[in-house]
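Chemist: According to our numbering, the sequence shown is numbered sequentially starting from -2.
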Amino acid sequence: MGGAVSAGEDNDDLIDNLKEAYYIRSDLVERAFRAIDRADYYLDEYRDNAYKDLAWRHGNIHLSAPCIYSEVMEALDLHPGLSFLNLGSGTGYLSTMVGLILGPFGVNHGIELHADVIEYAYQKLDSFIKTSDSFDKFEFCEPSFVVGNCLEIPPESRQYDRVYCGAGVQKEHEDYMKNLLKVGGILVMPLEEKLTKITRTGANSWETKKIISVSFAPLMLPKHSTNGKPKSVPLPKYEVRTLQELARICIRHTLRVTTDGGDNQSRGRGSSFSVGRGLAVAGLHKYGPRFKRRRVHRRHCNIQSPNTPLLNHMVQEQGGCCFGPRHIHLKEKLVKGIDKFIGDQSTIHLHTLHRTHNQSSADVLTKS
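1. Cutting at 8 angstroms between CB atoms, please list the residues of its own chain near LEU122, excluding the five before and the five after it.
2. Quick check: the stretch 162 to 171 against the stretch 92 to 108, are at least 3 beta-carbon pairs closer than 8 angstroms?
3. Can we say the stretch 58 to 75 touches the stretch 126 to 145, given the rule of at least three CB pairs closer than 8 angstroms?
4. Cutting at 6 angstroms between CB atoms, please list the residues of its own chain near HIS126, excluding the five before and the five after it.
5. Counting pairs of Cβ atoms below 8 angstroms between the stretch 70 to 85 and the stretch 46 to 53, do you hit three or more?
6. So the candidates are TRP203, TYR161, VAL237, CYS147; which of them puts its Cα closest to the Cα of MET217?
7. Drop a sphere of 10 angstroms on the beta-carbon of SER86, count the other beta-carbons inside from all chains shown, and report buried for 16 or more, exposed for fewer.
8. Kindly indicate which residue of ASN201, ALA200, GLY199, LYS206 has the alpha-carbon position closest to the one of VAL185.
9. Please report the residue range of the alpha helix (DSSP H) in which MET174 lies.
10. With C-beta atoms as the reference, is ALA32 less than 8 angstroms away from PHE135?
11. Assuming the contact rule is C-beta atoms closer than 8 angstroms, TYR157 and LEU178 should be a hit. Round their C-beta distance to whole Å, please.
12. Counting C-beta neighbours from all protein chains within 10 Å, is the total for ALA112 16 or more, i.e. buried, or is it exposed?
13. Ends of the alpha helix (DSSP H) at THR88?
14. So for MET186, helix, strand or coil by DSSP?
15. Taking only runs that begin and end inside the stretch 82 to 156, name each unbroken beta strand (DSSP E) of 3 or more residues, in chain order.
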């Protein structure tokens, strides 16, 4: 499938062509596509074909055509804090784009049949995080992948807000796919040669929309184990973020907004991030569903001035900063942001924040 739009000279040119052809229709999806260079997910000897609107396969590695990914991303109707399951996650290209929209309080899981492809996906993910200029412009929900057949998910497994299947689904497996969805969730999959969007409107009610004609390889049917029983594929674990991770998210956001003056994502074109809102989504804020309002004794942070070894260490860990006239109050804002962040945690106290520069952040931030 593919060939619906002209080839681009580079990634941005390809995205321009997809917009012009109305495959990409929203700012969120456009920003995610521009943030990740499609060519980075190709083997070096095939990069010349990366900006053509064509699918690509080499061994077990496969990428759908850009026009297909565009339709999928638009149909999923993504926004921050959702849970996403990618069935046949492949190179991780789609999952990484989705993670840029879900933000730090979303859930981003993938199941892939081939272990070598998951290894390839993690290599590409690691490269994106370490080398991409786009990474620090987003609040990222890092994907997690497991090896297995997506038709072997235990029926008692958790359900998701958004599900995508990257292989052709036959009518006999339609109900199985639907049951992976929460009420209000959206499933996008190739069903009988049509890219189909299914919305779960109730416990037993659905809305179905055919998007475009597609041609996908069919799902691989499960193979029974030696004892004749079907295998079971455990989904990635769903873990609540630690205080250290939450503090890192807050600091990274404050650094980016202060040094860059706020990017499109924080100004409304992307996710409107706030720590309190994100924690409420995750059920960790004191006004969220998992906590009752109550009086809380708060231990004040032992920070006398912004020039503390810990804060300097945190700034360095985030890549350092060049403090010009625009950034004169960066550390003061960081201190206030951290203090407010810690104060919002109704059952967690910060102990011994003011420690030496050489101590690890894992020792600095601990639960009471």
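C-beta atoms are modelled at their ideal positions from N, C-alpha and C, and glycine is treated no differently.
The model shown is predicted, which means the values in this text are computed figures rather than measured ones.
Modeler: Answer, in terms of the structure:
1. GLY89, THR93, GLU139, PRO140
2. no
3. no
4. Inspection of the sequence shows that residue 126 is occupied by Ile rather than by His. PHE132.
5. Contact between the stretch 70 to 85 and the stretch 46 to 53 is absent, with fewer than three C-beta pairs closer than 8 angstroms.
6. CYS147
7. buried
8. LYS206
9. 171 to 175
10. yes
11. 7 angstroms
12. exposed
13. Where THR88 is concerned, there is no enclosing alpha helix (DSSP H), given that its DSSP letter is neither H nor E.
14. strand
15. Listed in chain order, they are 104 to 109, 141 to 144.
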